[in-house]
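These notes concern the structure reproduced below.
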Amino acid sequence: MAFDTFDIKSLIRPVIDFPKPGVIFRDITPLFQSPRAVRLVADSFIHRYVEADFSHIGAMDARGFLIGSIIAHQLNKPLILFRKQGKLPADVLSEGYQTEYGEAFLEVHADSLCEGDSVLIFDDLIATGGTLIAAANLVRRMGAKVFEAGAIIDLPELGGSQRLNDMNVPTYCLTQFSLSEK
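Numbering (the UniProt record's numbering), first residue to last: 1 to 182.
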């Protein structure tokens with residue numbers, strides 16, 4: 001099945017002025033309502049990573065869980081959950097980061113990874129990179145390394161992919177939008 005970026009982009013709904021005026025939110029809900037689109041997205045990531053050398057998949061709360069869990073299942077890799085503050089029940093490591101809208105904290109169970117592990121981290125999109133940068137810092141604090149950061153969407157004008165690359169975390173996204181694209 002061939003990946004068609006136009007089909008995928010057409011299923012990502014722009015929501016104007018959400019969550020605040022001037023922002024165009026990229027809603028992936030319609031994409032997940034299409035079994036064909038989910039299969040195309042999953043197959044594209046699976047094709048890229050099926051022979052790659054990494055040990056775990058990390059998924060960001062909450063939309064990153066959608067694609068990360070599919071890929072973890074299909075590649076038979078353990079899934080590490082990176083959650084918003086206060087959602088995990090055991091000992092956690094926490095990392096603060098800036099979002100487009102303010103400050104937030106990302107947490108992971110402190111025993112999720114070991115030295116020598118290699119993690120492919122997923123989110124639905126890369127904007128400023130804050131969430132994935134926080135996840136990468138948490139991975140490194142546990143002695144593991146980040147193999148790559150994957151996402152469905154990149155918003156390159158916000159610089160997140162570049163920030164990740166600057167900290168030696170390669171990125172891969174299936175599609176991108178300019179900030180003014182509707």
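From the three backbone atoms N, C-alpha and C, an ideal C-beta is built for every residue, glycine too.
Please read all numbers here as calculations on a predicted model, not as lab measurements.
Query raised in the report: By Cβ distance below 6 Å, which residues in the same chain neighbour S10 in space, the five residues on each side in sequence not counted?
Result: What you label residue 10 is simply residue 10 of the sequence shown in a count that begins at 1. Sequence-distant Cβ neighbours of S10 in its own chain, meaning closer than 6 Å and more than five residues away, do not exist here.
Report task. Give every residue of the same chain whose Cβ lies closer than 7 Å to the Cβ of L79, excluding the five residues on either side of it in the sequence, and list them in chain order. Result -> Looking up residue 79 in the sequence shown gives position 79. Result list for L79: I57, A59, G68, S69, A72, in chain order.
Requested in this report: Within 10 angstroms of the Cβ of S112, are there 16 or more other Cβ atoms? Answer buried if so, exposed if not.
Outcome: Walking along the sequence shown from the start, residue 112 turns up at place 112. With 16 or more Cβ atoms within 10 Å of its Cβ, S112 is classed as buried.
Query raised in the report: Around the Cβ of I134, are there at least 16 other Cβ atoms within 10 angstroms (buried) or fewer (exposed)?
Result: In the sequence shown, residue 134 corresponds to position 134, counting from 1. Here residue 134 turns out to be Ala, not Ile, going by the sequence shown. Buried: at least 16 other Cβ atoms inside 10 Å.
Query raised in the report: By how many angstroms is the C-alpha of P21 removed from the C-alpha of N168?
Result: In the sequence shown, the residue the question calls residue 168 occupies position 168. In the sequence shown, the residue the question calls residue 21 occupies position 21. C-alpha separation (whole angstroms): 33 Å.
Report task. Ignore the nearest five residues each way along the sequence and tell me which others in M1's own chain have a CB closer than 8 Å to its CB. Result -> By one-based count along the sequence shown, residue 1 stands at place 1. Note that M1 scores a pLDDT of 44, beneath 50, so its modelled location is shaky and nothing firm can be said.
Query raised in the report: Can the beta-carbon of T131 be found closer than 8 Å to that of Y172?
Result: As a first step, residue 131 is located in the sequence shown; it is residue number 131 there, counting from the start. As a first step, residue 172 is located in the sequence shown; it is residue number 172 there, counting from the start. Result no, Cβ atoms of T131 and Y172 do not sit closer than 8 Å.
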